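Report on one structure; see the data block that follows.
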Amino acid sequence: MLSQAELQAGDRPSTAEKEKISSEAVLGGDGLAFAFIAAMGAVGLSCLASSYALAKIGSAALGAMSEKPELGGRALIFLGLAEGIAIYGLIVAIMILTKI
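Quick note: the sequence shown uses my numbering, first residue 1031, plus one each step.
Next comes the structure, spelled out in structure tokens:
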């Protein structure tokens, strides 16, 4: 006949099972947390790069337009290209999240 201590010891998971359970709890089982972190990085870094580019291009465009007002149309083209960086980051994040 088994004692109470032996019954309880048999129900306990091993160390490897504990590590597997804890990693599944943190990662969501299949690395879901890493996918969200990757999507966050794609959007965050692309938005930072886009805002830096917009600040530099925008200030230069306003300086050029103050001297030659007809350069306004060209400035909008370059501002649109800089804004595209953020849109590309969003597209990459959507692609990452749809692969889950």
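For glycine and all other residues, C-beta sits at the position ideal for the given N, C-alpha and C.
Nothing here was measured: the structure is a model prediction, and the numbers come from that model.
Which term fits residue i, buried or exposed, when burial requires 16 or more other beta carbons within 10 angstroms of its beta carbon?
{"i": "residue 989", "result": "Examination of residue 989 is not possible in this model, given that the chain is present from 1031 through 1130 alone."}
{"i": "residue 1090", "result": "exposed"}
{"i": "residue 1063", "result": "exposed"}
How close, in whole Å, do the beta carbons of residue i and residue j come, if the pair is a contact with beta carbons under 8 Å?
{"i": "residue 1109", "j": "residue 1075", "result": "Going by Cβ atoms, the distance from residue 1109 to residue 1075 rounds to 20 Å, so no, they are not a contact pair."}
{"i": "residue 1126", "j": "residue 1069", "result": "5 Å"}
{"i": "residue 1115", "j": "residue 1080", "result": "4 Å"}
Taking the alpha carbon of residue i as the reference point, which residue from the options has its own alpha carbon closest?
{"i": "residue 1120", "options": "1092, 1078, 1061", "result": "1078"}
{"i": "residue 1122", "options": "1066, 1107, 1062", "result": "1066"}
{"i": "residue 1105", "options": "1069, 1071, 1093", "result": "1093"}
{"i": "residue 1086", "options": "1130, 1112, 1124", "result": "1112"}
(request) Please specify which runs of the beta strand (DSSP E), each continuous and at least 3 residues long, are wholly inside the region 1086 to 1118, giving them in chain order. (result) none
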